[in-house]
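*Asks:* Provided herewith is a single structure, encoded as structure tokens, for subsequent inquiry.
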Amino acid sequence: DVKVTQSSRYLVKRTGEKVFLECVQDMDHENMFWYRQDPGLGLRLIYFSYDVKMKEKGDIPEGYSVSREKKERFSLILESASTNQTSMYLCASRPWTDLNEKLFFGSGTQLSVL
Amino acid sequence: QKEVEQNSGPLSVPEGAIASLNCTYSDRVSQSFFWYRQYSGKSPELIMSIYSNGDKEDGRFTAQLNKASQYVSLLIRDSQPSDSATYLCAAVSGGSYIPTFGRGTSLIVHP
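Going line by line, the protein sequences match chains A and B. Going by this note's numbering, the letters in the first sequence line up with residues 66 to 179, in that order. Going by this note's numbering, the letters in the second sequence line up with residues 245 to 355, in that order.
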């Protein structure tokens, strides 16, 4: 069974800190995604990656960057955390072979920026 | 911008009733559609996927797709309290292959 692991379930950071959210998948999926989820706003795409070292901006990339140096790992970076980045962050993966394939989600990281 | 619209609810139905969840999408080249269920504090899990016009049934769940009207729905028969959750509709564009999610509909099934 596919497993998508996010390194932390809960994180508390201070304004201005550099924050790393890590996501690892174990099924050799090419595509990986970072979403944030806020009450009433659904899932909004921050960044996605088609494959290693490839990245594309999603709908709300401002204040974020990503890194995909290895196929199994997709990192989301908050360069200087702000209170409006307090949110639930969801990582997901999908094989490239079939665009109709569902997304496999991690368990999420609830980030609080104080 | 591609949009997927859902009524946020909450939709409240009695146990045993049919729950009907609806979704519209703006991108005409969307070609695959997904319904995910999300319990509070948990990540989304796939309930149904549908790619062709018409109905697709899986147990108590039926997904319906009408591409001409750009409309997707999910019917839940014999609703149970355990069905109480937020249901997310997602559409995948044939161009970008990126899933776009709606804001979700909160379903409450009361005994």
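C-beta atoms are modelled at their ideal positions from N, C-alpha and C, and glycine is treated no differently. In this text the structure is predicted, and so the values were computed from the model without any measurement.
1. Are the C-beta of Gly-260/B and some C-beta of chain A separated by less than 8 Å?
2. Please tell me whether Tyr-295/B has its Cβ less than 8 Å away from any Cβ of chain A.
3. Pull up the distance between the alpha-carbon of Ser-276/B and that of Leu-176/A, whole angstroms please.
4. Which residues in the same chain as Ser-264/B place their Cβ atom closer than 6 Å to its Cβ, once the five residues preceding and following it in sequence are excluded?
5. Take Ala-146/A as the anchor and find which of Arg-74/A, Thr-70/A and Gly-81/A has the nearest alpha-carbon.
6. By DSSP, does Pro-325/B sit in helix, in strand, or in coil?
7. Do you know how far the Cα of Phe-170/A is from the Cα of Ser-287/B?
8. Quick one: give me the first and last residue of the beta strand (DSSP E) that Arg-101/A is part of.
9. Nearest to Glu-144/A by alpha carbon, out of Val-69/A, Phe-85/A, Arg-74/A and Ser-73/A?
10. For chain A, is any of its Cβ atoms less than 8 Å away from the one on Gly-253/B?
11. Check each candidate in Val-353/B, Ser-256/B and Ile-262/B and name the one with the smallest Cα separation from Ser-307/B.
12. With a threshold of 16 other CB atoms inside 10 Å of the CB of Tyr-129/A, please say whether the residue is buried or exposed.
13. Buried or exposed: Lys-118/A, going by 16 or more other Cβ atoms within 10 Å of its Cβ?
*Replies:* Walking through what the data contain:
1. So, not an interface residue.
2. Yes, because at least one Cβ of chain A sits closer than 8 Å to the Cβ of Tyr-295/B.
3. Approximately 31 Å between the Cα atoms of the pair.
4. Sequence-distant partners of Ser-264/B (beyond 5 residues in either direction) whose C-beta falls short of 6 Å from its own C-beta, in its chain, are Leu-319.
5. It is Gly-81/A.
6. For Pro-325/B, the secondary structure class from DSSP, reduced to helix, strand or coil, is helix.
7. A straight line joining the alpha-carbon of Ser-287/B with that of Phe-170/A spans about 6 Å.
8. Its beta strand (DSSP E) spans residues 96-103.
9. Ranked by how close their Cα comes to the Cα of Glu-144/A, the residues Val-69/A, Phe-85/A, Arg-74/A and Ser-73/A have Phe-85/A in first place.
10. Answer no: the Cβ-Cβ gap between Gly-253/B and chain A never drops below 8 Å.
11. Rather than Ser, the amino acid found at residue 307/B in this sequence is Ala. Across the set Val-353/B, Ser-256/B and Ile-262/B, the C-alpha of Ile-262/B shows the shortest separation from the C-alpha of Ala-307/B.
12. It is buried - the Cβ of Tyr-129/A has at least 16 other Cβ atoms within 10 Å.
13. Exposed is the call here.
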